[in-house]
Amino acid sequence: MTQIDIAKLLISAAGKQLTHSYEAYKKKDITYEIEECIQALILFQAGMEAIINDEITNHPLLSSVKSEESDLNTHFKSLSFKNKWTKSYEALQIREFEYLEAYLDFYSQYRIPITHPKRRYVSLSIYRFRKIYEGIENGWYAVQLLYAVLGKELTSWELFCKEYSLVLLDD
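Those letters in the sequence shown? Residues 44 to 214, per the working numbering, in order.
Listed below in structure tokens is the structure:
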């Protein structure tokens, strides 16, 4: 059976979409910029979900989170994306929550309205390159912290940006 790293594939695709968004941003093509930002956001988020689900399922240091998820599954429930990340950080005693909290705020503000819309037409003016870039960057650093404790590696944000010809933005 052939298997692929779906998280890597999704995050790579997110990088490509973010590059398209950046190009549109430079050309002041706002509609295309927003469309590409939304695609980058959704792809990156799916990659984040694949990462946390895999780590909870397979890493022994996260067995308490896996157990809680299994208990909830017996009642047709599950941990939310936010709870999976927060409980994993707590189980691993990661005290640096800044990037995770920033990403989870981004997730609530940007991803949820797109993937769970309350109506068909939504205002897209907030989905601009800089905000999506910053949100994905915070998610990247949140994964790096998780991986550091689990003994895994993730390429640096700087290398990710270089791979997709993205500029490093100053705060």
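Quick reminder that beta carbons are idealized off the backbone N, C-alpha and C, glycines included. All figures in this text were calculated on a predicted structure; none of them were measured in a lab.
Note on H159: under 16 other CB atoms within 10 angstroms of its CB, so exposed under the neighbour-count rule. Contact check for E98 and S121: beta-carbon distance about 15 Å, past the 8 Å limit, so the pair fails to qualify. According to the DSSP assignment, H63 belongs to the alpha helix (DSSP H) that extends over 49–70. Between L105 and the set K195, E133, R173, A56, the nearest pair of CA atoms involves E133. Annotation for K125: L147 place their beta carbon closer than 6 Å to its own, counting only its chain and skipping 5 residues before and after. Excluding the 5 residues flanking it on each side, A89 has same chain C-beta neighbours closer than 7 Å at L53, in chain order. Excluding the 5 residues flanking it on each side, Q187 has same chain C-beta neighbours closer than 6 Å at L197, in chain order.
Taken through DSSP and simplified to helix, strand or coil, S106 comes out as helix. The Cβ-Cβ distance between R171 and I85 does not fall below 8 Å.
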